[in-house]
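Note that the sequence shown covers residues 1 to 116 in the numbering used here.
Glycine is no exception: its CB is placed at the ideal position from the N, C-alpha and C atoms.
Step one of this worksheet: look at the structure below.
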Amino acid sequence: PPPPTLPFPKTKKDKKLAASEAYERKKSRAKEGRIKLNQSLDALSNSISNCGATINNMLYYTAGLPAPFLSNLSTIVSLSKRAKKYDRPSFTGVAAEMLDRVNAALDKLFEVWGGE
Numbered sequence: 001p002p003p004p005t006l007p008f009p010k011t012k013k014d015k016k017l018a019a020s021e022a023y024e025r026k027k028s029r030a031k032e033g034r035i036k037l038n039q040s041l042d043a044l045s046n047s048i049s050n051c052g053a054t055i056n057n058m059l060y061y062t063a064g065l066p067a068p069f070l071s072n073l074s075t076i077v078s079l080s081k082r083a084k085k086y087d088r089p090s091f092t093g094v095a096a097e098m099l100d101r102v103n104a105a106l107d108k109l110f111e112v113w114g115g116e
């Protein structure tokens with residue numbers, strides 16, 4: 001933990017010291033935030049890759065399923081290949097679109113299997 005700050009800086013030196021401590025705390029919080037964000041992006045990247053690979057393997061065993069369902073699965077696979085974690089805005093957009101498409105595919109599969 002950082003050293004305790006002075007409650008009310010009175011001199012220029014005290015004010016400078018307080019500002020320096022606040023800056024170091026802010027810098028440390030920003031670094032911790034970047035580390036957490038990068039870890040989260042790595043985990044999301046792994047999940048996207050695993051989802052794409054799993055669905056790609058599953059496509060070999062989907063004979064008899066409706067064409068829109070298969071098309072949706074193929075789109076998910078192509079999205080997973082397109083996701084590049086270094087392009088963060090696009091990456092998060094691809095992740096959101098993949099989730100939407102997986103949800104739609106599961107809904108369609110539920111309908112095919114006679115769900116409500």
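Contact under 9 Å by Cβ, residue i with residue j
i              : j                : result
leucine 117    : alanine 105      : The first residue shown for the chain is 1 and the last is 116, placing residue 117 beyond what the model contains.
leucine 41     : phenylalanine 91 : yes
asparagine 103 : valine 77        : no
serine 45      : alanine 96       : no
arginine 34    : threonine 75     : no
Contacting residues, own chain, Cβ-Cβ under 6 Å from residue i (five flanking each side not counted)
i         : result
serine 28 : none
Three-state secondary structure assigned by DSSP to residue i
i           : result
leucine 65  : coil
glycine 114 : coil
alanine 83  : coil
lysine 10   : coil
Contacts around residue i, its chain only, beta-carbon distance under 7 Å, and the 5 residues preceding and following it disregarded
i           : result
leucine 49  : Per the sequence shown, residue 49 should be read as serine rather than leucine. Excluding sequence neighbours, serine 49 sits near Ser80.
alanine 124 : The requested residue 124 does not occur in the structure, where the chain is confined to residues 1 to 116.
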